[in-house]
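Protein chains in written order, with this note's numbering: chain A, 1 to 354; chain B, 1001 to 1354; chain C, 2001 to 2354; chain D, 3001 to 3354.
All residues carry an ideal CB built from backbone N, CA and C; glycine is no exception.
Protein chains: 4
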Amino acid sequence: MAGNTIGKIFRLTSFGESHGTAVGGVVDGCPSGLDFDVEFIQNEVNRRKTGSSPAASGRIEEDKVEILSGVFEGKTTGTPIAFLIKNKDAHSEDYENLKDVYRPSHADFTYEKKYGIRDYRGGGRASARETVVRIVGGAIAKLILFQKGIEILAFVAQIGTVKIENEIEKLSFNTVENSEVRCPDPEASEKMIKLIEDLKEEGDSTGGIVTCLINDCPAGIGEPVFDKLHADLGKAMLSINAVKGFEYGLGFESAAMKASVINDVFEYIDGEIVTKTNYSGGIQGGISNGSVIYFNVAFKPVPTISLEQNTVDKNGKPIKLKAEGRHDICVVPRAVPIVEAMAALVLVDHYLRE
Amino acid sequence: MAGNTIGKIFRLTSFGESHGTAVGGVVDGCPSGLDFDVEFIQNEVNRRKTGSSPAASGRIEEDKVEILSGVFEGKTTGTPIAFLIKNKDAHSEDYENLKDVYRPSHADFTYEKKYGIRDYRGGGRASARETVVRIVGGAIAKLILFQKGIEILAFVAQIGTVKIENEIEKLSFNTVENSEVRCPDPEASEKMIKLIEDLKEEGDSTGGIVTCLINDCPAGIGEPVFDKLHADLGKAMLSINAVKGFEYGLGFESAAMKASVINDVFEYIDGEIVTKTNYSGGIQGGISNGSVIYFNVAFKPVPTISLEQNTVDKNGKPIKLKAEGRHDICVVPRAVPIVEAMAALVLVDHYLRE
Amino acid sequence: MAGNTIGKIFRLTSFGESHGTAVGGVVDGCPSGLDFDVEFIQNEVNRRKTGSSPAASGRIEEDKVEILSGVFEGKTTGTPIAFLIKNKDAHSEDYENLKDVYRPSHADFTYEKKYGIRDYRGGGRASARETVVRIVGGAIAKLILFQKGIEILAFVAQIGTVKIENEIEKLSFNTVENSEVRCPDPEASEKMIKLIEDLKEEGDSTGGIVTCLINDCPAGIGEPVFDKLHADLGKAMLSINAVKGFEYGLGFESAAMKASVINDVFEYIDGEIVTKTNYSGGIQGGISNGSVIYFNVAFKPVPTISLEQNTVDKNGKPIKLKAEGRHDICVVPRAVPIVEAMAALVLVDHYLRE
Amino acid sequence: MAGNTIGKIFRLTSFGESHGTAVGGVVDGCPSGLDFDVEFIQNEVNRRKTGSSPAASGRIEEDKVEILSGVFEGKTTGTPIAFLIKNKDAHSEDYENLKDVYRPSHADFTYEKKYGIRDYRGGGRASARETVVRIVGGAIAKLILFQKGIEILAFVAQIGTVKIENEIEKLSFNTVENSEVRCPDPEASEKMIKLIEDLKEEGDSTGGIVTCLINDCPAGIGEPVFDKLHADLGKAMLSINAVKGFEYGLGFESAAMKASVINDVFEYIDGEIVTKTNYSGGIQGGISNGSVIYFNVAFKPVPTISLEQNTVDKNGKPIKLKAEGRHDICVVPRAVPIVEAMAALVLVDHYLRE
C-alpha cells in the first residue's frame, strides 16, 4: 500500500515528479460552503519559492496553482478539490549524467532498490518539489482553521550552529516574514545570514531547526492510543524531506528532568481550569488541553553541495560528483511554510474527526 | 475516527482499560502458516512487568496472555488473532478519591474534555497498562521478522542526567537484559541505579532515552512521501505513553552539521554497493538502504510522584495530591520492550506492504 | 490486507472461529455517553439462535455476550468496546472426518487455496457462527440509531418457492417476530413452514429473500461516487454467508421499466418537498432523500444437507458425503436479525461520517 | 469521510464535475515496471463515448486522457499516476434554468440536502461524466490483469423488456463490440435496437442488465468475512450511476432452489480438483475457486426524458420539466466498459492484497 495520502477525514493525495508534467494533489473531505480564497493559497505557495530564501539566486519560478474541481462560485462544494502546478521546462537533460549515479544521502539508491526503476530527473518523486503540494493542501486546511480561530505559526530557531539566544517570550512573531531567514530574533537572524554566506563560499550546506506554535486550539482535539495528536504531528513532520527529528513540549530535554519540576499543575483562573505552566506542549495523553501547542523539527543539511564528493554508479564504478549551478545552502527558511502546512493538515484532520 | 488501530497490512487493534475486565487486541493481517510461539510471546510480556524494573517492589503480576482465535494446531491460519490479558482484582476503590481530580500532566482533564466521561480508575484507557497489548502485537510481529533475519534491539541510553559515555561500538548488547536498568554500559548502569534510588528517597521521578537498533533490514522497505519508514517509526514511538521526542540517524545533532561531513558516500565493497558511514540511520528518502536503522526515543518523567502537588478538581477546587503506595520512579527500563514492540509492528507492516 | 473490519468511523473488527475459544469483536468509534443497554444486545443475539428457527431442534445455545471494555457505569466512554461470546464445548472431534474433505459449495477448498491451512472444525472462520459478532456490533449501532429516531426492520419475503403474495402495505410488521419464519404475511408464513417441513423430510434445504426497511432516516446520509449509501448496504449484505444478490428500490425489475413510469416526481406537501412515489428506495445519487429505504437480499440454500453427495478429498479421492445430525433447512428466518445488524452498522457509520 | 477513493492497495481517487475544468483521478499503488499502454487506455475511454451508443447522435467528444505523473520512459515507476480529461466548453448556460429545480430521480435534491450547495451544471459531481475516470483507472488495472492472464468481459443481457433468449454457451463473445448495443446475441441485439428507436420516438427511456464474466482468475483471491470478493464487486457495481441491483452466480434465482440441485460438487479431473458445475459463480466463502466468475448488474432507466414531467423547485413551486436536445435513451450499452472497469479495479486490488 503506497503512502501518497495523508489524513483520515481531510485527506490529501499527492502526485507528481520534479520534472514530469505537473505536481498536484486531491483534497477529499473538505467541508462544503467554505470561502475558497485562491489568493491566500497562491501566497502560501509563493512563501516556499526559491526567491524567498536569502542566499538564493533570485530566480522566480511561477508555481501557479490551478484548481480543477470542487469549487463553485467561490465556495467549496464538498466534492474533491483537485489542483496542479505545472512543472516548467526544466532542463531535464542536465540530469542525463546522473542517470546511473547514486548521489550520497539522496534517495536514488533506495528508490532503485524498491522499484527497480526511477525517474532520475531532478530527484523525481523524492524531490522537495513535491512539498509544494503540501503547501496547497495545508493552505486549504488553514482556511478552515482560521474560521475556528486557530493559528499556526512557524519560524527558524536554529541554522547550523547559530541558535536564537533570546527568550522566546521576548520575540515578536509578526517579524518572522521580514527576516530573510524567517527568524524572529534579529541578532540570530543576522548571524544566520552570515553563516549561510560563508557556507556558500565554501560550497557546503547546513541544517537547522524550525519551531512551530499552534495558538488557540481548543481542548479535546486528538485521539488516544495510536493516533495521538503529537504522534500524527510527528509523523507529518518526519515525512518532510530532510527532517531527522521531532520533539514537542520540553522534548528531549525532559529526559533529564524531574516530574516535580516539569509537571504542569492545574489552577482555577477566572472560572476556567488551566495549567500554570506548559512544559507539556499543549497536549496530554495525545489530546489538546487548550494551551499553546509547540514543537521542534530538526532538518539535516541538504546533501547536494558544490564540493567534490566520492560516490559510485549503479555498476559500482567510482564517480567524482560536484553539483553545478544553483542549490540551496540551507532549506530551513523555505521549510517554515511546509512545517506550517503539515501542522495544518494534521490539525484540521483531527478537528474534523471530532 | 478513533485511533485504536495501527498498521495498514499487519493491523493491531487495541482495547481495554486499566481496571476493566481485560486489556487485549486483535491482530488482523498476520500471514498464515507461521509457527505461533506462545512461550516467546509470554516472555516478551514478562519483560514489561513491574518486577523487571530495578527499584520496583518485586510484586509479580501474572499478565497471562490468552489467545482466542486465529491459531490452529500451533500455526496461524491467516484469520484474526485475538488475545486478552485479564486485569487482576485491582483495588479500584483506591481511585474513588481521584474521581473528580485532574492529576497534573496526566490525561484526566483532556479525556474529560473530549468524551465528557472517563473511567477514572487507574487512568482508564490512558493508563500505561495498555502497552501490554502492544507487546503482544509486537511479539507476533517479531516472529515474522525473525524468519526474515531481521533483529530489533533496544536499550536504555540515558536516565535522568546519566548517559552512556562509552562509545556505542564498544558495548556488548547481549548484556542488556542483565542490567537492571537495561543499559548495556556497566558504568552508566550503576550510576542509573544509584540515581533511581536517590529519586525514590526524594519521592520524585525522572525520564530518559531509549535507543533502538534494527539490524539486517533489507534495502527497499518503506514508502515515499507521507508513509516514510522513519515517519511511521516516529509516530509509533510518539504514541507510547510519556514519549516527548523521536530522532533517527544523527537526529537533532545534524541540524548543526555540514553536508560535507555527514553525507554517507557510497562505496563498492565485495561486489556490493554500501555506504561508507551511516549518519543517515539506515533510511534514505523514507526507504531502508540496508544499513543499521537506529533511532532515539525521549521519555519524560512519569508524573505520578510521592511529593505533594497542587491541583484542582473538576469544579476548580484546589486539591493537595500525593501518590500513595507503589509507582515507577523511571519507566524507561520497562519501556525498552515497548519500543521494540512498536518498531516490530511498524517494520512488519512495511515489510508486508512490499 | 485482511478484511475483518467494517466501517470507517464506527468500525467493527470481528474475530473467532466456530470451534475456537470464542468469537467476538471490537467496536471502535462508538460515541461516548451512550446508554449501553446490555439486555437489548443480548436479546438481539438471542433472535439469531437456532432455537428461534421453526423447524429447529429446540436446543438452546447460551451465547452470552461478555463486554470487556469501553463501558463504564452503564455508559460508553468513547474507547473501544470489546466483547466475546465463548464457544461451547463443541464436539470438535465430529469434524475429524471432514479434515481433508472439500464439502460442495462450502469454503473449505478456497480457504485452503488461499491460506494453505484451515481450521476445519465446523467451518472455522467461514462458519455462520461468525455472524453473532455482527449481531452484537449491529445492536450497539441500533442503540445509536434509536436515539436519532431511525428504525430498521427486516422480514422474510420468500422461502424457496413461497413468496408473500399480499401487498406489502397491508402487512403488519409488528407481527414479524410472532411468525416462526419471521414472515409478516400469515398465509405465506404457513406455506413456508409447510415447505420447510417437507424439505426436512427430504433431507434437502432451500434459500429465500429477506426484505429490509429503514424508516425515518433523514435526508443527506451517504457519500457520492464510491461510497454511495446503497453501495455500502449492498456490500454489507453480500458479506453475509450464503447471500447471492442485493437490490434496492425496484431493483432488477427496474431494468424493464420506463423512466416516465418510475421517476419519483417531487411535490410540495405541508411545507415540505417530498417525492410522490418511492420507486427509488429512498436513495438518490447514493444519498438518502428522507423516504423509506428498502432493499432485498437473496440467500442461496445452505449447502449442508442430509442427502448423500459426491465430492473429493484434498488428494482428489472420491468421497460420499452425508450430513449427520442437526442442520438448518433454511437459514433465512435466522438471517433476519443479521440483515438488520448489517444495515445498522452501515447506517450508523454513514450517519457519523456526516 | 468522503467517498471518492476505491481500493485498499490499488487505489483510485476520482475528482471532477461535469462542467468544471476537468475530471480526473490518481491511481496510487500501481506496481512499478508495468508497460503503460496509453493507446489501450484511450481506446477504453473511447468505448464509453456517446458516439459508441446506437441511437446516439454521432457527436464525438474528444475525451483525451492526459497523464501527469507516475510514468517514465513508457513504464510505471510505482509512484502515483495522475491523469485528467478536460471538459469541453460545455454550454453551462443551458443549465441556468435548472439552477433551483430538483429533477425527478436525480441527485439534485439529495446533494443540496447534504452539502447545502451544489454545482448544478450538468449534474455536477453526480453526472455520469465521472465514470470516464473509472474507465481510465480500470484500464490501468486491466493492464496488470492481462499480465496475469485474467480477462474481463461484459455484455448487455437485457434492455427494457428484451432479453437474450439463446443459451449463453452458444453466444460468441468476440462479437460484443460489433453489436451496436453490445449484445452478443444477434436476434436480441436487433430487437433491442428496435426498442430503443421506439422509445426515442416516445421521448422515454429504459433500463437493462449487464452481465460480466471474469475468466482465468486463479483460486484464492478475495478475503473472508467483510471484504468478500463478491461483496467488493457488488459495492463497485452499485456505485455506478443508475445501478439498482447486483447478483452473482445464480443470484436471486437461487432463493427458490434446493441445495441438492445447485451445490457445486467437486471432481478430480486431469490431476486437478474442479467443480462439476458452477452455479456459485466462481466464488466460495468470498474467495475465488478458479471457475469463471460471473454476475449481473441491473440499471434503471435514465431519468432524463423528453416527456414533460412535474416537479418542484427549491421553494416548492411546481415546475413543468422537459429535457431539450440530446440524452441517452438507454445507457446500458455505454455502461458495459464501466462495468468491466469497476470489475478490473476490484480484482486487481484483491489480487495485490494477496
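Residues that residue i contacts on chain D, provided the C-beta gap is smaller than 8 Å
| i | result |
| --- | --- |
| C/Val2348 | Under the 8 Å cutoff, chain D gives no residues; its nearest Cβ is about 14 Å from C/Val2348. |
| B/Thr1079 | Pro3224 |
| C/Ile2209 | Phe3252 and Ala3255 |
Bridge partners - residue i, DSSP secondary structure assignment
| i | result |
| --- | --- |
| D/Ser3014 | D/Gly3025 |
| B/Thr1206 | A/Lys258 |
| A/Gln158 | A/Lys163 and A/Ile209 |
| C/Asp2313 | C/Val2101 |
| A/Thr5 | A/Thr13 |
| D/Asn3215 | D/Glu3151 |
| D/Val3274 | D/Glu3267 |
| D/Ala3082 | D/Val3026 |
| D/Lys3320 | D/Asn3310 |
| D/Glu3247 | C/Gly2245 and D/Asn3296 |
| B/Thr1076 | B/Val1071 |
| C/Ser2288 | C/Ile2283 |
Cα-Cα separation between residue i and residue j, rounded to whole angstroms
| i | j | result |
| --- | --- | --- |
| C/Asp2100 | B/Gly1033 | 17 Å |
| C/Lys2049 | D/Gly3234 | 28 Å |
| D/Ser3306 | C/Ala2259 | 10 Å |
| A/Glu130 | A/Ile152 | 21 Å |
| D/Ile3193 | D/Val3181 | 7 Å |
| B/Gln1309 | A/Phe266 | 10 Å |
| A/Phe246 | A/Phe299 | 10 Å |
| A/Ile135 | D/Ala3231 | 38 Å |
| A/Val348 | A/Thr79 | 17 Å |
| D/His3106 | D/Pro3303 | 7 Å |
| B/Val1225 | A/Ala126 | 7 Å |
| C/Gly2058 | C/Val2045 | With a pLDDT of only 44 at C/Gly2058, under the threshold of 50, the placement of this residue in the model should not be trusted; the figure read from the coordinates follows. So the two alpha carbons sit approximately 16 Å from each other. |
| C/Lys2113 | D/Ala3219 | 6 Å |
| A/Thr175 | A/Pro186 | 9 Å |
| B/Thr1005 | A/Pro318 | 46 Å |
Contacts of residue i in chain B (Cβ-Cβ under 9 Å)
| i | result |
| --- | --- |
| D/Met2978 | Past the edges of chain D, shown from 3001 to 3354, lies residue 2978 of chain D, and the structure says nothing about it. |
Nearest-angstrom beta carbon gap, residue j and residue i [assumed within contact, 8 Å]
| i | j | result |
| --- | --- | --- |
| D/Val3065 | D/Ile3085 | 6 Å |
| A/Gly160 | B/Ala1256 | 6 Å |
| C/Glu2223 | C/Gly2286 | 6 Å |
| D/Tyr3279 | D/Ile3262 | 4 Å |
| C/Lys2244 | D/Tyr3115 | About 36 Å separates the two Cβ atoms, so there is no contact after all. |
| D/Gly3025 | D/Phe3083 | 6 Å |
Partners in chain C for residue i, counting only beta-carbon separations shorter than 9 Å
| i | result |
| --- | --- |
| D/Val3045 | Those within 9 Å of D/Val3045 in chain C number zero; the least Cβ separation is about 18 Å. |
| D/Tyr3248 | Leu2238, Lys2244 and Gly2245 |
| B/Ala1141 | Residues of chain C passing the Cβ test: none, with the nearest at roughly 15 Å. |
Partners in chain B for residue i, counting only beta-carbon separations shorter than 7 Å
| i | result |
| --- | --- |
| C/Val2181 | Within chain B, no residue comes near C/Val2181; the closest Cβ sits about 32 Å away, beyond 7 Å. |
| A/Thr5 | Phe1226 |
| A/Val265 | Pro1104, Gln1309, Asn1310 and Thr1311 |
Where residue i meets chain A, residues with beta-carbon distance less than 7 Å
| i | result |
| --- | --- |
| D/Tyr3115 | Ser32, Thr77 and Gly78 |
Chain-ordered chain C contacts of residue i [CB-CB under 8 Å]
| i | result |
| --- | --- |
| D/Ser3014 | Val2225 and Phe2226 |
Neighbour list for residue i in chain B, Cβ cutoff strictly below 8 Å
| i | result |
| --- | --- |
| A/Phe109 | Ala1219, Phe1266, Ile1273, Gln1284 and Asn1289 |
Residue i: contacting residues in chain C (beta-carbon distance under 7 Å)
| i | result |
| --- | --- |
| B/Arg1118 | Thr2077 |
Quick one, which residues of the stretch 1016–1027 of chain B are near chain G if we go by CB-CB under 7 Å, in chain order? Structure shown: chain G not included; protein chains present are A, B, C and D.
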